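With this note's numbering, the residue at position 462 of the first sequence is 1029, and numbering never jumps.
Note that beta-carbon positions come from the ideal geometry of N, C-alpha and C, so glycine has one too.
Please read all numbers here as calculations on a predicted model, not as lab measurements.
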Amino acid sequence: MRVSRSFIPTLKEVPNDAVIQSHILMIRAGLVRQLSAGIYSWLPLGYKVIRKIIDIIREEMNAIGGQEFHFPGLNPKEIWEQTGRVEAFGDILFHIKNREYVLAPTHEEIVAYHAKGAIASYKDLPQIWYQIQTKFRNEPRPRSGVIRGRQFIMKDAYTLDRDDAGLDVGYALHDKAYRAIFDRCGLRYFVVGASSGAMGGSKSEEFMVKSDAGEDTVAYCEKCGYAANAEVAQSVAALIPHQKESKKLFEISTPNVHSIDELCTFLKIDEHETAKSRIYIHDAKPILVLMLGNDEVNETKLGNVLGGNVRPAHPEELKEISGADAGSIGPIDFPHRIIADNLLKDGNNLYSGANKNDFHIGGIDLRRDVSKCEYFDLRTAENGEKCIRCGSTLDVFKAIELGHIFKLGTKYSDALGVLYLDENGKERPIVMGSYGIGVERIFACFLEQNYDEKGIIWKKPLNPFDIHLIGLNMKNEMVSKACEKLYIDLIAEGYEVLFDDRLEASAGFKFNDADLLGMPIQLIVGEKNLKDGKVEVKNRKTGEKKVVELTQLNSILKELI
RNA sequence: CGGGGCGUAGCUCAGCCCGGCUAGAGCGCUUGGUUUGGGACCAAGAAGUCGCAGGUUCGAAUCCUGUCGCCCCGACCA
């Protein structure tokens, strides 16, 4: 492709709207342009990369027996009402104004609709159906460039099986395909497993890329591979030491002390000598949750421990329940259920609220004074704590979710009546799995992992071109003739070549554009070297430059690419 | 939806607080010329309903009200 005839609008300056690196680079390198919040147009160079990503996905999906579909983006609302998902999606679902249609945010309903009746026998199963298609979600706040858009390309796959054993097989196949896809795309990623108890033992795994631009927080152990969403991640943190002697309980006047920080300052004590109290309402009954020092209650873990409905108590409710307002609540003589974080186990000589405004109690020995207390893991794992599995150090960081595989079960088959006959002639619901990959997210994550201060650093197989051929002074006949020949020859050799044949652009301008666009190899053709029958080969990643004989160019390129 | 910021030329931004001539700069773009190994130089030029609507005023990019859009933080994320 000739630069002089291509639409590759590169930008010198950092666009106002872009904040994260991948977004900045996409816009600066002329890969994408924004149309509206969360809505992007892919420009030719960017779309070339999108197609390469899609090709890889398609190959790996076909390799596990997937059959490619193209389902409509426009769906009858009625089908979505039958599964209750018009309500479940709420404002996220786009509605068409002048007909009873919705824009599909995913396609479980449509898969189930087509499977119904058409798959009538166990002999028709299993099936793997997939598509690579545009999805629509009315995100309340699109952000981070193409990472969270209102319209995006998704590979979504669905398995149809007779039973859970079949589903296990389909799920494992997708796990394998996903690893192959992300490996081939050259991404550094990891897999977060989460067994969601509420779904009846259903399994789900998320494929994540570490990035500050991410929306999920995960805890990850490099050594053993333990990875979990921070909401559920477990860690080993030091218990507070049990002191030999427990003091007696004593009450202290603490006027205007409402937080752990204020209490520590007021009494000149360490945070680890205090226990913070929070009151929740669990199935209409109050419950006191005790945390060490300033640790926050992890409400996801709390919910998992308690089951049922859990919500923080309203400020107005606190006094009636405990006798005090927030800041003075504590476990001593608290008349309802008390649970505490594991770190407080065996704690003594602790300070906490007195259930009387402006008073705290010291000398609390939890074993002695709060004997009915139950202990659970209720805190959020923090960076640097020990891995629950292997004991080495946990990393807690932000991550981008690239893909998600999970076992659906019979939710949609039941709702839509998607049944088949088994060997015994008995009707059974088809067991489904659902598997998604964000195509643009692969793109963005690749950029997040492959750039420097000059621009993008592409590598096979996603690079839009293999070679960036740069004619330094195209008005010089020797240079232009040599470039034209190289362009033809390299293409004939099977390389994808971007040819900067611009007449006017100066050398420096072309170099900087080439570094920004980031093709793996730059082939620089200038008068000086050409006089000696040589050209310069530059490795974009290492910056290494070699002046080589034209006659040896082919073998050198073969080594490099 | 809550909090914050921004909307002036293709891009980045100044001007706005304190209203006043034909609304500016840099980059980019066009034409001519000189250049061509790390974002060249000279000369001439094109380009903006100052987001939109209403109001105040002799006069509004500037003040007021409303509205739309975009970005960031939070909430949300099947």
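- Item | Through-space distance from K1026 to I720, alpha-carbon basis | In a straight line, the C-alpha of I720 is about 22 angstroms away from that of K1026.
- So what does DSSP say about F1045, is it helix, strand or coil? The question names Phe, but residue 1045 in the sequence shown is Met. If DSSP states are grouped into helix, strand and coil, M1045 belongs with the helices.
- Message: Cutting at 8 angstroms between CB atoms, please list the residues of its own chain near I1058, excluding the five before and the five after it.
- Response: V1064
- Task: Output the boundary residues of the beta strand (DSSP E) element that contains I836.
- Result: Careful: I836 lies outside any beta strand (DSSP E) and carries neither H nor E.
- Query: In whole angstroms, what is the alpha-carbon distance linking L1117 and K615?
  - Reply: Between L1117 and K615, the C-alpha separation is close to 29 angstroms.
- Would you grab the beta carbon distance between Y756 and F774 for me? Rounded to a whole angstrom, and I think it's under 8 angstroms. Contact between Y756 and F774 holds: CB atoms are separated by about 6 angstroms, below the 8 angstroms threshold.
- Taking the CB atoms as reference points, tell me whether N915 and I931 lie closer together than 9 angstroms. yes
- Any idea if A1011 is buried or exposed, counting beta-carbon neighbours within 10 angstroms, 16 or more meaning buried? buried
- Message: Once DSSP output is grouped into helix, strand and coil, what is the label at T784?
- Response: Strand, per DSSP.
- Pick helix, strand or coil for S1073, following the three-state DSSP scheme. Look at S1073 here: in three-state DSSP terms it is coil, with no helix or strand label.
- Task: Measure from the alpha carbon of Y738 to the alpha carbon of each residue in D750, K702, Q718, I695, then state which is nearest.
- Result: I695
- Query: How big is the Cα-Cα spacing for N861 and R946?
  - Reply: 10 angstroms
- Between which two residues does the beta strand (DSSP E) containing M770 stretch? The sequence shown places Lys at residue 770, rather than the Met named in the question. Its beta strand (DSSP E) spans residues 770-777.
- Message: For the region 775-784 against the region 652-672, do three or more pairs of beta-carbon atoms, one drawn from each stretch, fall closer than 8 angstroms, so that the two count as touching?
- Response: no
- Name the two residues that bound the continuous beta strand (DSSP E) containing A724. 718-728
- Pairwise C-alpha distance: I807 and C957: 21 angstroms
- Task: Taking 8 angstroms as the threshold, find out whether the region 1034-1045 comes into contact with the region 1011-1024 through three or more Cβ pairs.
- Result: no
- With a threshold of 16 other CB atoms inside 10 Å of the CB of R845, please say whether the residue is buried or exposed. buried
- How many angstroms separate the CA atom of M858 from the CA atom of R652? 38 angstroms
- E941 - DSSP class collapsed to helix/strand/coil: strand
- On the three-state DSSP scale, how would you describe L857? Reduced to three states, the DSSP call for L857 is strand.
- Helix, strand or coil: which one does DSSP assign to F1078? helix
- In terms of residues, what are the limits of the beta strand (DSSP E) holding Q1089? 1088-1092
- Item | Classification of P902 by the beta-carbon crowding that lies within 10 angstroms, buried from 16 upward | Exposed, since its Cβ has fewer than 16 Cβ neighbours within 10 Å.
- Query: Counting Cβ pairs closer than 8 angstroms, one from the region 986-1003 and one from the region 591-600, do we hit at least three?
  - Reply: With a cut-off of 8 angstroms, the region 591-600 and the region 986-1003 do not count as touching, because too few Cβ pairs lie within range.
- In chain order, which continuous runs of the beta strand (DSSP E) of length 3 or greater are located wholly inside the region 886-940? 904-908, 917-920, 926-931
- Message: So, at 7 angstroms on beta carbons, what are the nonlocal neighbours of N1030 in its own chain, with the 5 sequence-adjacent residues on each side left out?
- Response: If the five residues before and after N1030 are omitted, its C-beta is found closer than 7 angstroms to the C-beta atoms of M1086, P1087, all from its own chain and listed in chain order.
- Cut-off 8 angstroms between Cβ atoms - residues of its own chain near E645, not counting five sequence neighbours on either side: Take E645, set aside five residues on each side of it, and the residues of its chain with a beta-carbon closer than 8 angstroms to its own are E667, in chain order.
- Task: Just confirm the distance between the C-beta atoms of A679 and K702, as a whole number of angstroms; I'd bet it's less than 8 angstroms.
- Result: In fact, because the Cβ distance is near 17 angstroms, the residues do not count as touching under 8 angstroms.
- Query: Sorted by chain position, which residues of the same chain lie with C-beta nearer than 6 angstroms to V1006's C-beta, five sequence neighbours on each side aside?
  - Reply: I620, I720
- Mark N876 as exposed unless 16 or more other C-beta atoms lie within 10 angstroms of its C-beta, in which case mark it buried. The residue in question, N876, is exposed, as its Cβ has fewer than 16 Cβ neighbours within 10 Å.
- From N924 to K835, what distance separates their C-alpha atoms? 20 angstroms
- Item | Range covered by the alpha helix (DSSP H) that runs through N629 | 611-630 is the span of the alpha helix (DSSP H), which, as asked, contains N629.
- Query: With which residues is G1022 paired in a DSSP beta bridge?
  - Reply: D1019
- Assuming I1037 contacts Q1119 (C-beta within less than 8 angstroms), just tell me the rounded distance between them. At roughly 19 angstroms, the Cβ-Cβ gap does not stay under 8 angstroms, so I1037 and Q1119 are not in contact.
- Task: Decide if P576 is buried, meaning its Cβ has at least 16 other Cβ atoms within 10 Å, or exposed.
- Result: With fewer than 16 other CB atoms across the displayed protein chains lying within 10 angstroms of its CB, P576 is exposed.
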